[in-house]
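**Student:** Under my numbering, the residue at position 253 of the sequence shown is numbered 253, and the numbers go up by one with no gaps. All C-beta atoms in this analysis are idealised placements derived from N, C-alpha and C, irrespective of residue type, glycine included. Here you go, one structure.
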Amino acid sequence: MAQLLAEPTGTAFLHDDASWWRQAVVYQIYPRSFADANGDGTGDLAGICARVDYLAGLGIDAVWLSPFYPSALADGGYDVADYRDVDPRIGTLDDFDALVAALHARGIRVIVDIVPNHTSNLHAWFQEALAAGRGSAARERYIFRDGTGPDGSLPPTDWVSMFGGPAWERVPDGQWYLHNFAVEQPDLNWANPEVRADFVTTLRFWADRGVDGFRIDVAHMLTKDLSEPLPSTAQLALIPKDGNHPLVDRDDVQEVYAEWREVFNSYDPPRTAVAEAWVNPARVPLYASPTSLGQAFNFDLLLADFDAGQFRDIITASLDLAARSGSSSTWVLSNHDVVRHATRYALSSPRTGGQHPDATPASAASAWLRSRGADPALDRERGERRARAATLLMLGLPGSAYLYQGEELGLHEVAEIPDEQRQDPTFFRTGGAEIGRDGCRVPLPWTPGGTSFGFGPGGAHLPQPAWFTDHAVALEDRDPDSTLSLYRRALALRHALRADERLTWIETGREDVLRFARPGGWEVVTNFGTQDYPLEPTADVVVSSSEFTGTLAGESTVWIAPEGPS
Ligand code: NOJ
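And the structure:
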């Protein structure tokens with residue numbers, strides 16, 4: 001049903017079903033760590049179903065479910081053994097249908113993760129490829145090659161996997177297969193029509209079950225030119241990433257998405273998709289175009305420091321890029337792959353008087369993780385204050401905002417996970433040099449105490465720290481100043497900002513203060529500095545990331561309602 005939102009300057013914007021995604025707030029659920037109904041220590045679909053009221057109360061438009069498919073969990077579920085089923089530890093297809101129905105009943109749409117670059121090594125196809133042997137049709141679904149060296153005992157190339165270590169693994173008959181990620185994640189051969197056809201079947205399988213959209217994992221890596229001789233890593237580094245690189249962001253991957261687009265558009269409303277594509281910004285529009293996936297993740301804010309100049313440049317460039325794509329921008333501050341933003345902002349950085357003059361937020365965060373949270377010390381309060389300010393700014397932007405479970409509680413990264421309890425392949429494949437991503441995947445605290453902080457009646461599959469007590473949903477729920485209350489208030493008000501996708505910068509006379517106007521005269525002001533910023537006494541501040549006392553305190557954001565009755 002189309003909903004007409006009045007646009008006060010005289011035009012109108014149809015926020016209809018087909019364009020719901022353009023300014024949606026999408027909440028990412030990492031199913032194994034959200035809520036556990038059956039008490040086995042792993043979150044499940046029934047656990048999510050039991051928390052649908054919580055999700056509806058948050059005011060989100062959609063949930064994105066990270067993989068819940070059968071998996072040996074070599075990479076947190078991104079090693080999929082069967083694309084058209086549910087992992088028995090997480091539930092059943094009936095549970096999935098029940099969850100979709102419960103979410104839809106509350107007006108929340110559902111996005112699922114599609115992982116097309118690689119399968120699990122336990123996928124029936126890979127098992128068949130191993131059994132069928134060299135030269136078989138089954139091996140043609142993957143990327144098998146003979147080794148080098150006199151007896152083929154050396155890998156075909158010196159390529160390194162994203163998780164560290166060689167990107168090739170040898171099988172018992174002597175051939176090698178390519179895995180750009182974990183050993184347990186063999187890359188598929190997208191030159192094979194059978195592979196293409198099977199993913200269309202998978203997309204239809206979930207779309208027919210009522211799924212509204214898809215998040216496409218490593219969307220830029222599917223197609224490859226593996227003609228001989230294969231280049232070395234050093235040679236690869238010299239090849240421009242202009243659409244003809246042998247391994248990434250090839251123009252021909254768009255043929256895959258053109259076919260998918262036909263599938264998406266065969267539904268009413270059309271199914272949506274968002275690309276996880278780590279590509280040169282100039283090439284993002286290829287993925288975000290309406291003839292391709294339609295939207296692409298923009299990770300620039302996530303990589304930025306808490307800094308006015310960086311935020312302004314990124315916002316301006318991202319809106320421009322989205323407009324050129326015929327899409328809307330996406331914004332992300334946290335997800336299941338990065339150190340939570342409350343923690344990133346609590347670490348020293350160049351512009352915040354920290355101890356590491358050359359540190360980028362990402363390198364500061366990994367140095368901190370490597371020190372198991374000890375060095376440099378974390379200013380937790382400051383991190384949360386800045387995270388609230390950055391989030392409130394982000395929620396005021398046109399485009400769609402992707403939230404990651406637990407950020408609405410102001411959760412920090414958990415650094416204090418004992419090595420023997422870590423799960424992320426990054427940790428193991430780098431011999432512990434990189435700590436990995438477990439710290440943002442620790443099961444959520446629902447209650448301040450009790451078994452696994454209310455996550456479920458059993459334990460939690462990753463250890464929860466004592467400080468989770470302070471972030472429990474049950475506590476934040478009744479505290480009007482909590483981060484949870486801030487998110488709820490902002491999301492409730494955000495509907496007024498969605499009348500159109502315009503943003504106009506307002507000069508503030510301060511380099512560390514950003515101010516912009518949105519439709520109807522709404523304004524968002526963020527003070528990235530530490531000195532107060534006085535606001536006009538008439539400013540009708542309706543939501544504030546810190547206590548508002550008539551002046552905008554340092555490291556804070558406010559939303560100002562239009563003049564007159566609102
Ligand atoms: C990106 C996902 O977000 C990440 O969690 C995963 O490890 C890789 N793709 C490989 O699938």
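Could you tell me whether the Cβ of Phe264 comes closer than 8 Å to any Cβ of chain C?
**Tutor:** Chain labels in this structure do not include chain C; a single protein chain is all it has.
**Student:** Short check: CB of Leu293 to CB of Ala323, under 8 Å?
**Tutor:** Against a cut-off of 8 Å, the Cβ pair of Ala323 and Leu293 comes out as no contact.
**Student:** Hey, Asn189 and Glu140: beta-carbon distance below 8 Å or not?
**Tutor:** yes
**Student:** Taking buried to mean at least 16 other C-beta atoms within 10 Å of its own C-beta, is Asp479 buried or exposed?
**Tutor:** exposed
**Student:** Mind checking whether the beta-carbon of Tyr455 lies closer than 7 Å to any heavy atom of ligand 1?
**Tutor:** Note that residue 455 is Phe in the sequence shown here, rather than Tyr. Incorrect: Phe455 has no Cβ contact closer than 7 Å to ligand 1.
**Student:** Can you determine whether any heavy atom of ligand 1 sits closer than 7 Å to the C-beta of Phe214, and answer yes or no?
**Tutor:** no
**Student:** What does Ala296 pair with, by DSSP beta-bridge criteria?
**Tutor:** Ala275
**Student:** Short check: CB of Leu444 to CB of Phe68, under 8 Å?
**Tutor:** Going by beta carbons, Leu444 and Phe68 fall outside the 8 Å limit.
**Student:** Does DSSP classify Pro425 as helix, strand or coil?
**Tutor:** helix
**Student:** Pop quiz: Ser325 and Ala288 are said to be a contact at Cβ under 8 Å. What is the actual Cβ separation, rounded to whole angstroms?
**Tutor:** Contact check for Ser325 and Ala288: beta-carbon distance about 4 Å, within the 8 Å limit, so the pair qualifies.
**Student:** Would you tell me roughly how many angstroms separate the C-alpha atoms of Asp358 and Thr201, rounded to the nearest one?
**Tutor:** Residue placement at Asp358 cannot be trusted, given a pLDDT of 39 that sits under 50; what the coordinates show is reported in the next sentence. Distance between the alpha carbons of Asp358 and Thr201 is about 48 Å.
**Student:** Using 7 Å as the cut-off, classify the Cβ of His336 as near or not near the heavy atoms of ligand 1, replying yes or no.
**Tutor:** yes
**Student:** For a test of the three-state rule: what should DSSP assign to Asn527, helix, strand or coil?
**Tutor:** strand
**Student:** Using only the alpha-carbon positions, how far apart do Ala377 and Ala346 sit?
**Tutor:** Those two C-alpha atoms are separated by around 9 Å.
**Student:** Helix, strand or coil for Ile506? Go by DSSP, reduced to three states.
**Tutor:** DSSP places Ile506 in coil when its eight states are reduced to three.
**Student:** Cα separation between Gly554 and Phe311?
**Tutor:** C-alpha separation (whole angstroms): 16 Å.
**Student:** According to DSSP, is Glu169 helix, strand or coil?
**Tutor:** strand
**Student:** How far does the beta strand (DSSP E) with Gly213 in it extend, from its first residue to its last?
**Tutor:** Gly213 to Ile216
**Student:** In chain order, what residues of the same chain lie with their CB nearer than 7 Å to the CB of Val248, ignoring the 5 residues before and after it?
**Tutor:** His220, Met221 and Lys241
**Student:** Can the beta-carbon of Ala389 be found less than 8 Å from the beta-carbon of Ser227?
**Tutor:** no
**Student:** Going by the CB atoms, is the gap between Phe163 and Pro425 shorter than 8 Å?
**Tutor:** yes
**Student:** Quick one: grab the DSSP three-state call for Ala401.
**Tutor:** strand
**Student:** Once DSSP output is grouped into helix, strand and coil, what is the label at Thr551?
**Tutor:** strand
**Student:** Quick check on Leu491: does DSSP put it in helix, strand or coil?
**Tutor:** If DSSP states are grouped into helix, strand and coil, Leu491 belongs with the helices.
**Student:** Would DSSP call Phe264 helix, strand or coil?
**Tutor:** helix
**Student:** Please report the straight-line C-alpha distance between Phe13 and Arg518, rounded to a whole angstrom.
**Tutor:** Residue confidence for Phe13 is low, a pLDDT of 35 falling below 50, so the modelled location carries little weight and cannot support an answer.
**Student:** Going by the C-beta, is Phe428 closer than 7 Å to any heavy atom of ligand 1?
**Tutor:** no
**Student:** What residue range does the alpha helix (DSSP H) around Phe306 cover?
**Tutor:** No alpha helix (DSSP H) holds Phe306; DSSP gives it neither H nor E.
**Student:** In terms of residue numbering, what span does the alpha helix (DSSP H) encompassing Ala105 cover?
**Tutor:** Leu93 to Ala105
**Student:** Output the boundary residues of the beta strand (DSSP E) element that contains Tyr287.
**Tutor:** Not the beta strand (DSSP E): Tyr287 falls in the alpha helix (DSSP H), residues Val284 to Ala288.
**Student:** Is Glu276 near ligand 1, in the sense that its beta carbon is under 7 Å from a heavy atom of that ligand?
**Tutor:** Judged by the Cβ position, Glu276 qualifies as a neighbour of ligand 1 at the 7 Å threshold, a heavy atom of the ligand being closer than this.
**Student:** Following a CB-centred definition, is Tyr78 positioned closer than 7 Å to any heavy atom of ligand 1?
**Tutor:** yes
**Student:** Could you check the C-alpha separation between Gly399 and Val115 for me, to the nearest Å?
**Tutor:** 24 Å
**Student:** Just tell me which of Val86, Trp159, Asp95 and Ser366 has its CA closest to the CA of Leu236.
**Tutor:** Trp159
**Student:** Does DSSP classify Trp190 as helix, strand or coil?
**Tutor:** coil
**Student:** Taking Cβ to Cβ, would you say Gly410 is nearer than 8 Å to Ala466?
**Tutor:** In this structure, Ala466 does not lie closer than 8 Å to Gly410 by Cβ.
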